[in-house]
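Enquirer:
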Amino acid sequence: DTGVSQNPRHKITKRGQNVTFRCDPISEHNRLYWYRQTLGQGPEFLTYFQNEAQLEKSRLLSDRFSAERPKGSFSTLEIQRTEQGDSAMYLCASSFTGYGYTFGSGTRLTVV
Amino acid sequence: AQSVTQLDSHVSVSEGTPVLLRCNYSSSYSPSLFWYVQHPNKGLQLLLKYTSAATLVKGINGFEAEFKKSETSFHLTKPSAHMSDAAEYFCVVSDNQGAQKLVFGQGTRLTINP
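Sequences listed follow chains Z and V, in order. Each residue of the first sequence is one higher than the last, beginning at 3 in the working numbering. Each residue of the second sequence is one higher than the last, beginning at 78 in the working numbering.
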């Protein structure tokens with residue numbers, strides 16, 4: 003499978019717990035994006051990396067959120083002290099210099 | 078700043094009849110425009126994209142869209158709906174600057190009646 007892989011597919015966590023999601027992009031893609039999609043809405047941009055550098059973050063990304071892309075390969079998105087409002091689908095996408103986005107299937111987070 | 082407005086949150090058509098999903102956009106730059114489809118529990122799939130070449134863009138599965146700059150519209154059409162077309166459709170704009178991030182509309186749910 004040469005697509006974008008996201009793990010886990012589903013995550014249920016208690017409010018206040020920390021969670022971490024992983025995204026494995028297409029190997030030759032130098033850009034990696036995180037989006038968040040809440041129920042009934044279109045995805046919204048959270049952040050993006052060019053290689054290992056995080057170049058832009060949305061105002062949606064509060065201090066409880068952190069993303070990394072060590073060595074420009076896979077990426078992780080961590081949410082600390084989760085809140086019910088964090089419940090959403092977290093989508094990862096990769097591209098080569100902004101062309102030809104490929105999205106993963108997403109990680110659905112439910113905070114109870 | 079860019080934005081996208083999908084004019085219908087839900088469209089219902091009968092199998093074999095035409096499909097029209099409407100989208101208006103706003104962009105400060107010469108935009109790239111896309112339509113994505115999302116089936117339940119599946120990832121986003123690109124249907125078609127406009128990048129300042131031909132204004133009539135043909136995509137996969139018989140879909141096409143026409144870029145009309147004067148109307149700031151990018152409506153999606155298909156001559157004959159199929160049951161497998163039932164899904165959520167997103168109109169998307171990108172500014173072709175910097176991060177080239179995508180700005181999504183709120184989506185249109187397409188229902189196909191047998």
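Ideal Cβ placement from N, Cα and C applies to all residues, glycine included. All of these numbers come straight from a predicted model, not from anything done at the bench.
Taking Lys-145(V) as the query, report the chain Z residues whose CB atoms sit under 8 Å from its CB, ordered along the chain.
Expert: Result: empty, since nearest Cβ-Cβ is about 21 Å, beyond 8 Å.
Enquirer: Take every Cβ of the stretch 21–38 of chain Z, pair it with every Cβ of the stretch 90–97 of chain Z, and state whether three or more of those distances are shorter than 8 Å.
Expert: Contact holds between the stretch 21–38 of chain Z and the stretch 90–97 of chain Z, because three or more Cβ pairs, one in each stretch, are under 8 Å apart.
Enquirer: Which residues in chain Z sit within 9 Å of Gln-79(V), going by Cβ to Cβ distance?
Expert: Chain Z residues near Gln-79(V): none, gap ~11 Å exceeds 9 Å.
Enquirer: Is it the case that the Cβ atoms of Tyr-102(V) and Thr-82(V) are separated by a distance below 9 Å?
Expert: Yes, Cβ-Cβ distance for Tyr-102(V) and Thr-82(V) is below 9 Å.
Enquirer: Between which residues of its own chain and Tyr-103(Z) is the CB-CB distance below 6 Å, once the five residues before and five after are set aside?
Expert: Ala-95, Ser-97
Enquirer: Give a yes or no on whether 9 Å exceeds the smallest Cβ distance from Asn-118(V) to chain Z.
Expert: yes
Enquirer: Apart from the five residues on each side of it in sequence, which residues of its chain come closer than 6 Å, Cβ to Cβ, to Thr-22(Z)?
Expert: Thr-78, Glu-80
Enquirer: Would you say Glu-58(Z) reaches chain V, if we count a Cβ-Cβ gap shorter than 9 Å as a contact?
Expert: yes
Enquirer: Give the DSSP-derived three-state secondary structure of Gly-87(Z) in the structure shown.
Expert: helix
Enquirer: Any C-beta of chain V sitting closer than 9 Å to the C-beta of Val-6(Z)?
Expert: The beta-carbon of Val-6(Z) is placed less than 9 Å from the nearest beta-carbon of chain V.
Enquirer: Given that Ser-107(Z) touches chain V, what residues does it touch there, using C-beta distances under 7 Å?
Expert: Lys-119, Gly-120
Enquirer: With a cut-off of 8 Å on the beta carbons, I'd call Ser-91(V) and Asn-190(V) a contact; round off their distance for me.
Expert: 5 Å
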